[in-house]
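Just below is one structure, and these are the notes that go with it.
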Amino acid sequence: MFWRSVVGKLWFTIILLVSLVLTILTVLLLEFFQNYHLIEAEKDLMQAADRITEFTDRYEESDLLLTTTRWIKDPASQVVIVRDNEQMVTVGSDTEHLPPLTEEWFKTDEDFSQVLKKGHDVKKVKELDPQSVSVIVVGTPLNDGSGGVFVYQSLDTIEETTDQTTKIIFLSAGIAIVLTTIFAFFLSTRITSPLIKMREGALELAKGEFNQKVPILTHDEIGELAMAFNRMGRQLKFHINALNQEKEQLSRILRSMADGVITLNRDGEILISNPPAQQYLEAESFENGDGIEGKKMKEPLPEPLQQLFEEVITHEKESMVEVPLQGRSWVIIMTPLYDNDNIRGAVAVLRDMTEERRLNKLRKDFIANVSHELRTPISMLQGYSEAIVDDIAESKEDKNELAQIIHDESLRIGRLVNELLDLARMEAGHIQLYIESVAIQPYMNKIIRKFYGIADEREVEVNLSIDEELDRMSFDADRIEQVFTNLIDNAIRHTGSGGRVDIAIESDGDDWVASVQDSGDGIAEEDLPFIFERFYKADKSRKRTDSQEKKGTGLGLAIAKNIVEAHNGQISAHSRLGEGTTFMFRIPRTVNIKEN
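Numbering follows the working numbering, with no gaps: position 502 of the sequence shown is 598.
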């Protein structure tokens, strides 16, 4: 509304102030001019009376006195000359409604009788009751004290003059109010126009438009205010950009952190969380049957976090808890968040310790497996050596048999240690490859010939198929031979009598693919993900039950995987129980190995 705007308020204030001043000034002027006209009228009448008095003393002739009196007095006034000899001279007025005053009235009037008796000048306003006419009367004694001159005039003349003056004053006040209204409106508009611009600029700033500038129309305080407003807008833009950059940087840091971070307020509501923390919250929601949306901002915490939060807030110290969730292990460290000396919330760091726990378990399992693998041959070495020392074997043949067993077990321990050292070097990235160009057909024939004896012994058919496009390829011949040897040996030993083992080498774009497929009993589906781990021999179908055969160490497939990956390749296995197993590895035709 207009009255609520600055223009309206300023305009109304100026008008009200000017009107108040003009009202007071008008009242004072009216009072002043009313008294002024009355005083001036008395003064004029008294001057006329004094001059008539002089002429009365100077001229005795009545005709001359009357003529002179008419010439001296105001046409609206009337003159009465009273003498002691009871001669009264009256000079009439041009005003018809001015009543005549008699000599008796002057002699009997309480005020004007002083003129005749004591010779005092008198000025009074009298109201003649019979006629209800107000007159102003002045009287002055003659110089010889023989009478007095009285001049009176009706107040209507003075009132007419006062009315004219009043009209002029009211007209001037009205003109002043109109001019003040126009001036006030112009002034208020002039003053408030920059303010309106600044208000519009402030609204734009509130919307985020920091490039908004207010035009500087004047160089006074309002102009300085506009300059300060523009400077404020630039500073706001700078600080908002700095805050946004800092917020974005903090957000990127939180998103890029491997650990989950959750910031909580005093009521335990989530304020900030990063993607790893959201994974935990989603898993927690899924665990509780709430779906996978996870906890949103300002929602209550899940139970483990809620208990930890209450403990942190209550004791005001850092707390930690490990929570198993959906097959993963989460360690949660929560610390109170202070605002000066008061706790305003808490910050929780969630670390997924699943891999660490798995590696720790692998380390323990590795030690247990190595101990288990070494315990049997060492026990055999100890037992058979004691038998030789105690002369339990009497014949030379018995001693040779015991010595052969000790020799075989020592070789087995040596193979285990060598394989462990090779695997450790490979996993540490210290494997040394000697890349050379190899003719694939003779290379594979040489490998296959090593297994003809064991294949014939077990009545297993071994077939080799090589893509005609493949002639020569580059790889480490000894290492790849180790891979083929391990895979073919496993395939033959785990294939029953009358089975077959198919070895194929094919071209696939820039890679060459080798596969070893057997028709054995296969591997259980739950064991497939772990067959390339060290010492993993859980698959019963892969255990060797022939007492005459040497038991494997469980390291061959792990070594084969590291050799293939050292060639920038991949190895995989596919199997079904009762249908056989297929091992496949893929290696680029051109191997670029970065030597360590």
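Just so you know, even glycine gets a beta-carbon here, dropped at the ideal spot from N, CA and C.
Keep in mind it's a predicted model, so treat the numbers as computed, not measured.
Taking the beta carbon of residue i as the centre, do at least 16 other beta carbons fall within 10 Å, making it buried, or is it exposed?
i	result
Pro538	exposed
Lys391	Low confidence applies to Lys391: its pLDDT is 49, below 50, so where it sits in the model is not reliable, and the reading given next is rough at best. Answer is buried; the Cβ neighbour count reaches 16.
Gln528	exposed
Gly652	buried
Ser561	exposed
Met430	buried
Ser415	buried
Glu380	buried
Ile388	Caution is warranted here: a pLDDT of 45 is assigned to Ile388, below 50, making its placement in the model unreliable, and no coordinate value can be reported.
Lys636	Unreliable positioning characterises Lys636 in this predicted model, as indicated by a pLDDT of 43, which lies under 50. The coordinate reading is nonetheless provided below. When all chains shown are included, Lys636 counts as exposed.
Ile683	buried
Leu299	exposed
Gln613	buried
Asn138	Contrary to the premise, residue 138 reads as Glu rather than Asn in this sequence. Buried is the call here.
Gly304	exposed
Pro625	exposed
Phe329	A small fix is needed here, since residue 329 is Gly in this sequence, not Phe. Gly329 comes out buried.
Gly605	exposed
Gln341	exposed
Under 8 Å by Cβ, that's how I've got residue i and residue j pegged, so tell me the actual separation to the nearest angstrom.
i	j	result
Leu346	Thr359	Wrong, their Cβ atoms sit about 11 Å apart, outside the cutoff.
Ser611	Phe679	7 Å
Val597	Val558	5 Å
Ile659	Arg575	5 Å
Ile254	Leu134	6 Å
Leu141	Gln249	6 Å
Leu566	Ile601	6 Å
Leu397	Gly356	Actually they are not in contact, since the Cβ atoms of Leu397 and Gly356 sit about 13 Å apart, beyond 8 Å.
Lys169	Val247	6 Å
Val229	Phe202	Actually they are not in contact, since the Cβ atoms of Val229 and Phe202 sit about 17 Å apart, beyond 8 Å.
Ala338	Leu401	In fact, because the Cβ distance is near 33 Å, the residues do not count as touching under 8 Å.
Check this for me: beta carbons of residue i and residue j, under 7 Å apart or not?
i	j	result
Ile111	Thr277	yes
Val234	Ala172	no
Val408	Pro432	yes
Phe129	Thr261	yes
Thr591	Ser615	yes
Val221	Leu197	no
Leu583	Gly618	no
Ala269	Thr109	no
Trp107	Ala324	no
Ser593	Glu555	yes
Phe306	Lys343	no
Tyr480	Ile502	yes
Ile543	Phe580	yes
Asp217	Thr236	yes
Ser603	Asp563	yes
Just tell me which of the options has its CA closest to the CA of residue i.
i	options	result
Glu452	Arg424, Lys495, Trp167, Met476	Arg424
Asp623	Ala669, Asn582, Ser615	Ala669
Val187	Phe382, Glu532, Gln174	Gln174
Ile550	Ile273, Lys492, Ala587	Ala587
Thr258	Ser115, Val417, Leu125, Gly441	Leu125
Leu477	Asp504, Leu377, Ser603, Thr236	Asp504
Leu446	Ser209, Met353, Glu565, Leu194	Met353
Arg327	Val310, Asn340, Leu401	Val310
Glu412	Ile474, Val427, Ile439	Ile439
Ile484	Phe266, Ser475, Lys495, Val513	Lys495
Asp572	Ile544, Val513, Ala662	Ala662
Glu418	Thr164, Thr450, Glu406	Thr450
Leu118	Leu267, Met294, Ala338	Leu267
Gly595	Arg568, Thr677, Gly243	Thr677
Gln331	Glu317, Gln308, Leu350	Gln308
Leu224	Gln374, Leu251, Gly329	Leu251
Leu516	Leu275, Ala654, Trp426, Asn456	Ala654
Ile292	Val513, Ala322, Ala272	Ala322
Val609	Asp552, Ile667, Thr152, Phe405	Ile667
Identify the residues that DSSP records as bridge partners of residue i: which are they?
i	result
Tyr434	Ile439
Ala535	Arg568
Thr359	Ile368, Val443
Pro420	Ser425
Ala669	Phe679
Glu622	Note: Glu622 sits in no beta bridge, so no partner.
Asp607	Asp604, Pro684
Ala560	For clarity, residue 560 is Leu in the given sequence; the question names Ala instead. Answer is Ile599.
Tyr248	Gln174, Val233
Asp614	Val597
Lys333	Looking at the DSSP assignment, Lys333 forms no beta bridge with any residue, so it has no partner.
Is residue i near the ligand GDP, in the sense that its beta carbon is under 6 Å from a heavy atom of that ligand?
i	result
Pro420	The ligand GDP is absent from the structure shown, which contains no ligand whatsoever.
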